[in-house]
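Written below as structure tokens is the structure these notes are about.
Residue numbers (the working numbering): 352 to 811.
Rendered as structure tokens:
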């Protein structure tokens with residue numbers, strides 16, 4: 352919180368006080384909690400405590416992250432919504448007139464997403480495989496002694512993740528500067544690009560920048576943010592082929608290329624865009640939606656009903672596991688299609704023994720069931736939240752796209768209210784609280800929170 356305070360002081364902006372007072376309050380409460388429970392967890396955490404700690408941590412951080420917004424006069428529902436959207440790297444916003452907002456506030460929004468992004472990576476690599484959520488047990492080997500041992504301990508892995516994350520952020524800043532961005536814009540957008548967050552310093556998002564090279568830099572680093580960070584670390588340590596050998600990486604890149612080229616042809620034929628512009632706009636928006644970044648390069652909802660339908664489906668996809676992205680994730684789709692293929696083959700040859708594999712690992716019935724259960728709960732959550740939002744008098748397009756974009760941590764929704772050219776400020780406060788909850792539940796992969804609602808969880 353002191354970093355945006357320094358930015359405001361340097362710009363002679365009086366809003367630095369909001370960050371200083373918020374930092375003092377947060378630091379005081381943190382110290383008191385540390386003193387109160389210091390030394391009580393030396394024996395480590397069991398599974399139930401880990402579920403509780405993970406959920407409460409992700410609920411507490413946005414609560415304190417919202418303090419500077421409150422000091423600056425933003426309503427509590429809006430402040431919490433913006434902070435939750437930041438920490439979960441969703442990118443939905445209730446703020447307007449971004450070009451005229453205090454620089455410290457813009458930096459704070461970007462920092463929320465940057466900090467949330469690295470927290471998501473650590474959670475996905477270290478915690479979720481241990482908690483066996485949604486098939487994530489498949490990736491336990493990436494941080495265990497049975498793996499190729501890029502590191503030997505979780506602490507060392509977290510250190511390497513932090514260093515790689517910082518290195519890629521600096522590289523992204525340099526790339527943006529090379530395209531002609533000002534330092535302030537390059538810094539903020541690099542933080543939110545690597546985190547696949549999508550907060551911008553301009554209301555037009557990337558439509559503000561006239562150099563096409565800035566858009567292509569964003570595409571590149573959004574894709575980097577959607578890669579498995581364990582494999583990115585291996586690539587940075589001289590083993591780049593490890594990325595290509597991962598089935599989900601190949602599937603993601605192939606999927607992005609296919610959809611982007613299809614939309615390029617569509618925009619060229621129906622919208623009469625020049626090829627270079629059609630290619631950039633289609634690729635940029637497809638990558639932004641799939642990775643859950645939420646940047647916008649033009650209002651794609653004005654490109655016709657087919658594009659709106661495709662954009663809605665892309666909200667559910669997501670990137671690779673162990674990345675900063677949200678959504679269902681590519682590996683779950685691969686497991687799902689593999690399970691369906693095996694079932695179809697058994698229908699033809701009932702007595703044939705078949706085993707599906709993922710990256711050389713046999714898919715057990717437990718893992719396949721875990722993935723299928725996640726898919727059902729994911730779609731059910733989007734449906735339930737859509738119905739709940741309808742009670743706030745939201746139209747169907749706004750309600751269902753808001754539910755999908757919040758659970759998937761994507762960013763903008765569809766329609767004139769919350770679409771790429773809109774924002775979430777007009778929504779009722781009750782809808783904002785509900786969407787804040789949806790963003791947290793979606794970021795925690797649903798089951799981390801839902802398991803706390805099971806009475807058996809609390810029984811001894």
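Just so you know, even glycine gets a beta-carbon here, dropped at the ideal spot from N, CA and C.
How would you label residue 591, buried or exposed, when you count the other beta carbons within 10 angstroms and need 16 or more for buried?
Sequence index remark: in the chain shown, residue 591 carries index 240 (1-based). Exposed.
Please classify residue 712: does DSSP put it in a helix, a strand, or coil?
As a first step, residue 712 must be located in the chain shown, where it is residue number 361. Three-state result, residue 712: strand.
Any alpha helix (DSSP H) of 4 or more consecutive residues that is wholly inside the segment 720-805
DSSP runs (the alpha helix (DSSP H)) wholly in the segment 720-805: 747-758, 766-769, 780-794, 798-801.
Residue 607 versus 668, 793, 780, 433, residue with shortest Cα-Cα distance
As a working note, residue 607 is residue 256 in the chain shown. For the residues 668, 793, 780, 433, the minimum Cα distance to residue 607 belongs to 668.
Mark residue 760 as exposed unless 16 or more other C-beta atoms lie within 10 angstroms of its C-beta, in which case mark it buried.
Counting from 1 along the chain shown, the entry for residue 760 is found at position 409. Buried, because 16 or more other Cβ atoms sit within 10 Å of the Cβ of residue 760.
Length-filtered (4 minimum) alpha helix (DSSP H) runs lying within the segment 404-452:
418-422, 427-438
DSSP-derived helix/strand/coil call for residue 364:
Taking the chain shown and counting its residues from 1, the one referred to as residue 364 is at position 13. Coil, per DSSP.
Can you give the Cα-Cα distance for residue 368 and residue 409, rounded to whole angstroms?
The residue given as residue 368 occupies position 17 in the chain shown. The residue given as residue 409 occupies position 58 in the chain shown. Taking the CA atoms as reference points, residue 368 sits about 26 Å from residue 409.
What's the call for residue 465, buried or exposed, on a 16-neighbour Cβ count within 10 Å?
Stepping through the chain shown from its first residue, residue 465 is reached at position 114. Residue 465 should be labelled buried.
Can you grab the Cα-Cα spacing for the pair residue 459 / residue 803, in whole Å?
Locating residue 459 in the chain shown gives position 108, counting from the first residue. Locating residue 803 in the chain shown gives position 452, counting from the first residue. When rounded, the distance between both Cα atoms is 31 Å.
Anyone know if the C-beta pair for residue 674 and residue 637 falls short of 8 Å?
Position 323 of the chain shown, counted from the start, is the residue given in the question as residue 674. Position 286 of the chain shown, counted from the start, is the residue given in the question as residue 637. Contact: no.
Rounded to whole angstroms, what is the Cα-Cα separation between residue 704 and residue 508?
Here residue 704 refers to the residue found at position 353 when the chain shown is read from its first residue. Here residue 508 refers to the residue found at position 157 when the chain shown is read from its first residue. Answer to the nearest angstrom: the Cα atoms are 39 Å apart.
Could you spell out the range, first to last residue, of the alpha helix (DSSP H) harbouring residue 591?
Numbered from its first residue, the chain shown carries residue 591 at position 240. Counted as a single uninterrupted DSSP element, the stretch harbouring residue 591 is not any alpha helix (DSSP H), since DSSP gives it neither H nor E.
Where residue 474 sits in the DSSP three-state scheme
The count along the chain shown starts at 1 and reaches residue 474 at position 123. Residue state, collapsed to three classes: helix.
Consult DSSP for residue 702 and reduce its assignment to one of helix, strand or coil.
Looking up residue 702 in the chain shown gives position 351. Correct three-state label for residue 702: coil.
Count the other CB atoms within 10 Å of the CB of residue 354; is the residue buried (16 or more) or exposed (fewer)?
If you number the chain shown from 1, residue 354 lands on position 3. Counting the other CB atoms within 10 Å of its CB gives residue 354 a total below 16, which places it among the exposed residues.
Mind the definition here: the segment 726-742 touches the segment 402-418 only if three or more C-beta pairs lie below 8 Å; say whether that holds.
no
Closer than 8 Å to chain C by CB, residue 359
This model lacks chain C altogether, as it is built from one protein chain only.
Which residue's Cα is closest to the Cα of residue 791: 805, 764, 773, 756?
The residue labelled residue 791 in the question sits at position 440 within the chain shown. It is 756.
Roughly how many angstroms lie between the CA atoms of residue 378 and residue 747, to the nearest whole one?
The residue given as residue 378 occupies position 27 in the chain shown. The residue given as residue 747 occupies position 396 in the chain shown. Cα to Cα, the separation comes out at about 43 Å.
Does residue 767 pass the burial test, meaning 16 or more other C-beta atoms within 10 Å, or should it be called exposed?
Numbered from 1 along the chain shown, position 416 holds the residue referred to as residue 767. By the 10 Å Cβ count, residue 767 comes out exposed.
Member of 432, 376, 711, 661 whose CA lies at the smallest distance from the CA of residue 780
Reading the chain shown from its first residue, position 429 is the one you call residue 780. Ranked by how close their Cα comes to the Cα of residue 780, the residues 432, 376, 711, 661 have 432 in first place.
Continuous beta strand (DSSP E) assignments of at least 3 residues falling wholly in the segment 572-621
none
What is the DSSP secondary structure of residue 400, counted as helix, strand or coil?
On the chain shown, position 49 is the one that residue 400 refers to. Residue 400: helix per DSSP, three-state reduction.
Exposed or buried, residue 609, counting other C-beta atoms within 10 Å across all chains shown (16 or more means buried)?
The residue labelled residue 609 in the question sits at position 258 within the chain shown. With fewer than 16 Cβ atoms within 10 Å of its Cβ, residue 609 is classed as exposed.
Taking C-beta to C-beta, are residue 641 and residue 604 nearer than 8 Å?
For the purposes of this step, residue 641 is identified with residue 290 of the chain shown, where counting begins at 1. For the purposes of this step, residue 604 is identified with residue 253 of the chain shown, where counting begins at 1. No, Cβ-Cβ distance for residue 641 and residue 604 is not below 8 Å.
Where residue 520 falls: helix, strand or coil (DSSP):
Translated into positions along the chain shown, residue 520 becomes position 169. Looking at residue 520 - three-state DSSP - the assignment turns out to be helix.
Around the C-beta of residue 516, are 16 or more other C-beta atoms found within 10 angstroms, so that it is buried, or is it exposed?
The residue given as residue 516 occupies position 165 in the chain shown. Buried, because 16 or more other Cβ atoms sit within 10 Å of the Cβ of residue 516.
Report yes if the C-beta distance between residue 356 and residue 370 is below 8 Å; otherwise report no.
One-based indexing of the chain shown puts residue 356 at position 5. One-based indexing of the chain shown puts residue 370 at position 19. Closer than 8 Å, so yes.
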